[in-house]
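Everything below concerns the one structure shown next.
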Amino acid sequence: MPVNTKAVGKTYEPTLYAVGREKIKEYARAVGETNPIHLDHLAARAAGYADVVAPPMFAVVYSAPSVGPPIFDPDIELNFAMMVHGGQEFEWGPLVVAGDEIVTTASVKDISEKDGRGYYVFESVSTNQRGEQVCRGTWTNIVRGV
Amino acid sequence: MALSDLSVGAQIPEVRVTPDKYLTARYAGASGDFNPIHIDEDFARAVGLPGRILHGLWTMAQVARAQTDAAGGPEHLKRLSVQFRGMGVPEQEVIVSGTVRESADGRVTIDTVAEQDGKQIIRNAEAVLAL
């Protein structure tokens, strides 16, 4: 069965994420960060930031909710049970700090098939409350047995 | 390690970390990814896995940390792309290593991987640092 490519280019409703200080600290501890600017707001302020700084990979926390709708979009017919996360890319702009509000818009970048596997590539673009692009994510999901 | 030490061919300091038994539960809470293959031993086995597996994005965060630690802060990491292969498991050491491939115009490109038990669980990863 060929993959359904009609949704390529489709864009979804933006998601909004309000970045909290304790959430950044919880995330930083879970991934083993030791840099105090991620863990202590006073250290972050002493380093010139408004509040604790999100580690770059915190992008997962504020942008992942945006890629839920494409994964479950009936226009795409992605077989979630057979899906694996094949690859991930993030490109970062200015750092995110506690207190920021991040809006993320997801779109379908590409859908293709090779050797019986479907490749579903979604893009997320995240901007902060000043309109600066803080992160662009490229999410490659592979579905076996399409 | 100073940024000026990131010359072509140089290796970044390794990150070695052993995720403890409960790490996947803490990361699930921290990240919002509660897929049961990461937190439920019985479920993971029922779908043919050896047991609970690590979140790929946690492992990617270790790769990111190796770059930001080498560069001296998160502001230097501009891009990171990875391929996930195989699966990581709790209670076994994960080792991130990397080698500078290119350095031009204040940007350094690093080839980096994460291994566990001799197998690459993140491969073909590329990081770009701005100096």
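For the record, the sequence lines run as chains F and U. Heads up: the first sequence at position 101 corresponds to 93 in our numbering, and the numbers run straight through without jumps. Just remember that our numbering sits 1 ahead of the position in the second sequence, which is counted from 1. The beta carbon of each residue, even a glycine, is placed where N, CA and C say it ideally should be.
Is there a Cβ from chain U that is less than 7 Å from the Cβ of residue i?
i	result
residue 62 of chain F	no
residue 59 of chain F	no
residue 6 of chain F	no
residue 124 of chain F	no
residue 87 of chain F	yes
residue 0 of chain F	no
residue 149 of chain F	Past the edges of chain F, shown from -7 to 138, lies residue 149 of chain F, and the structure says nothing about it.
residue 112 of chain F	no
residue 131 of chain F	no
residue 41 of chain F	no
If we ignore side chains and look at the alpha-carbon of each, how far apart do residue i and residue j end up?
i	j	result
residue 39 of chain F	residue 75 of chain F	42 Å
residue 47 of chain U	residue 51 of chain F	31 Å
residue 121 of chain F	residue 29 of chain F	21 Å
residue 90 of chain F	residue 12 of chain F	5 Å
residue 83 of chain U	residue 37 of chain F	32 Å
residue 20 of chain U	residue 93 of chain U	7 Å
residue 96 of chain U	residue 44 of chain U	27 Å
residue 117 of chain U	residue 53 of chain F	25 Å
residue 42 of chain F	residue 55 of chain F	22 Å
residue 126 of chain F	residue 38 of chain U	30 Å
residue 70 of chain F	residue 85 of chain U	19 Å
residue 6 of chain F	residue 56 of chain U	25 Å
residue 115 of chain F	residue 18 of chain U	30 Å
residue 18 of chain F	residue 109 of chain U	30 Å
residue 23 of chain F	residue 105 of chain U	30 Å
residue 31 of chain F	residue 88 of chain F	14 Å
residue 60 of chain U	residue 68 of chain F	28 Å
residue 62 of chain F	residue 5 of chain U	43 Å
residue 120 of chain U	residue 64 of chain U	15 Å
residue 119 of chain F	residue 14 of chain U	32 Å
residue 34 of chain U	residue 34 of chain F	30 Å
Cβ of residue i less than 7 Å from any chain F Cβ?
i	result
residue 57 of chain U	yes
residue 79 of chain U	yes
residue 28 of chain U	yes
residue 85 of chain U	yes
residue 82 of chain U	yes
residue 126 of chain U	no
residue 115 of chain U	no
residue 104 of chain U	no
residue 65 of chain U	yes
residue 62 of chain U	yes
residue 98 of chain U	no
Of the choices the options, whose alpha-carbon is the least far from that of residue i?
i	options	result
residue 54 of chain U	U/120, U/41 and U/108	U/41
residue 72 of chain F	U/12, U/36, U/11 and U/27	U/36
residue 25 of chain F	U/29, U/23 and U/70	U/70
residue 113 of chain U	U/86, U/51, U/67 and U/119	U/67
residue 127 of chain U	U/118, U/89 and U/80	U/80
residue 94 of chain F	F/8, F/133, F/16 and F/138	F/8
residue 78 of chain F	F/137, F/20, F/133 and F/49	F/133
residue 46 of chain F	U/122, U/23, U/49 and U/76	U/76
residue 137 of chain F	F/115, F/33 and F/106	F/106
residue 62 of chain U	F/33, F/68, F/80 and F/97	F/80
residue 115 of chain U	U/7, U/16 and U/6	U/16
residue 102 of chain U	U/87, U/130 and U/120	U/130
residue 85 of chain F	F/20, F/66 and F/123	F/123
residue 51 of chain U	U/8, U/124, U/91 and U/7	U/91
Do residue j and residue i have their beta-carbon atoms positioned less than 7 Å apart in this structure?
i	j	result
residue 132 of chain U	residue 99 of chain U	no
residue 3 of chain F	residue 103 of chain F	no
residue -1 of chain F	residue 113 of chain F	no
residue -5 of chain F	residue 108 of chain F	no
residue 44 of chain F	residue 16 of chain F	yes
residue 48 of chain F	residue 58 of chain U	no
residue 122 of chain U	residue 74 of chain U	no
residue 129 of chain F	residue 64 of chain F	no
Are the C-beta atoms of residue i and some chain C residue less than 7 Å apart?
i	result
residue 24 of chain F	Any reference to chain C falls outside this structure, whose protein chains are F and U.
Examine the ligand MG and report whether any of its heavy atoms sits within less than 6 Å of the Cβ of residue i.
i	result
residue 74 of chain F	With respect to small molecules bound, the structure shown includes none, and the ligand MG cannot be examined in it.
Problem - Length at least 3, wholly inside the segment -3 to 56 of chain F: the beta strand (DSSP E) runs in chain order - result: Runs of the beta strand (DSSP E) inside the segment -3 to 56 of chain F: 7 to 10.
Practice task
Pick out the complete beta strand (DSSP E) segments inside the segment 48 to 98 of chain U, 3 residues or longer, and give them in chain order.
Solution key: Taking only runs of at least 3 residues, the beta strand (DSSP E) segments lying wholly in the segment 48 to 98 of chain U are 78 to 85.
Handout entry: 4-residue-minimum alpha helix (DSSP H) runs that sit fully inside the segment 51 to 96 of chain F, ordered along the chain
Key = Qualifying alpha helix (DSSP H) stretches, in chain order: 51 to 55 and 60 to 63.
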